[in-house]
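Following this note's numbering, the numbering of the sequence shown begins with 407 at its first residue and continues without gaps.
One structure is given here, and the rest of the page talks about it.
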Amino acid sequence: FNSLTGPLGEPPIKFLKTKALLLTSSKGLRIMSCERKFFGDVKFVKFSNNCAYSMQSAAREVSTSGVDPRIVGTVMAFSHWTFQRTDGFLMVVDLQGCICEDGTITTSLQKSNDAKAAAVKKTKTKKVLMTDPAIHCLDVTRYAPLNLGRSGMQAFFNGHQCGQLCRRLGLEEVSQVPSPERC
């Protein structure tokens, strides 16, 4: 996606790297994900969720946070692109992340029990740094529990309006998500 949109002047979309934690206790095994923590002068913005979140809702959220509203089109085009790129098998939704006023994004990962000790990473390029996405997939046995399958995909497209970036990427408008054929 970024290799297609970068030459068009769109900000890159990046995701925080996560690690899986396997915790064992007398109650059994728990699996959790762990991400770096955002801190500093960042704006956390919710662009979409995994059900019935329209571009208008995202635009309102973004406008109140002072973030460039064109980013909404980029993020929504990303979800649409993931759907088309996988031939309608899955799509990435529930997109939220941080944008810093000066274009830098700061994250922190604890290295010890001491809350003051942290590894700090700063990036000086303008980009959207996403966290905690969900995936809708026709195979509803994958990506649980937030995978709403075909109905989640349909909910996205019910609220999605193709913009200039969707058209520039050659994305086809979707009014009806086809029924699953290959699960």
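Glycine is no exception: its CB is placed at the ideal position from the N, C-alpha and C atoms.
Item: PHE444 (DSSP reduced to helix, strand or coil); Value: strand
Item: Top-ranked residue by Cα proximity to GLU441, from CYS504, LYS425, MET559; Value: LYS425
Item: Candidates ILE437, THR480, GLY494, ILE419, of which the one nearest LEU571 by Cα; Value: THR480
Item: Through-space distance from ASN456 to PHE562, alpha-carbon basis; Value: 8 Å
Item: Cβ pair count under 8 Å reaching 3, the stretch 537-553 against the stretch 495-507; Value: yes
Item: Reference GLN582, options LEU575, GLN567, MET559, ARG573, closest by Cα; Value: MET559
Item: Those residues which DSSP pairs with VAL580 across a bridge; Value: Paired residues: none, contrary to the question.
Item: 6 Å Cβ shell around ASN408 - same chain, five flanking residues per side excluded; Value: PRO418
Item: Counted within 10 angstroms of its Cβ, other Cβ atoms place GLU579 as buried (16 or more) or exposed; Value: exposed
Item: Backbone CA spacing between PHE453 and CYS568 [nearest angstrom]; Value: 15 Å
Item: Which of helix, strand or coil DSSP assigns to CYS457; Value: coil
Item: Residue of PHE489, GLY412, LEU429, ARG548 minimising C-alpha distance to HIS566; Value: PHE489
Item: Check whether ILE505 and VAL546 have beta carbons under 8 Å apart; Value: no
Item: Three-way DSSP call (helix, strand, coil) for PHE407 in this model; Value: coil
Item: Residues that THR424 bridges to, as DSSP identifies them; Value: GLU441
Item: LEU535: first and last residue of the uninterrupted beta strand (DSSP E) it sits in; Value: 534-537
Item: Own chain, CB closer than 7 Å to GLY555, minus 5 neighbours either side, in chain order; Value: HIS542, CYS543, LEU544, VAL546
Item: Classification of ILE477 by the beta-carbon crowding that lies within 10 angstroms, buried from 16 upward; Value: buried
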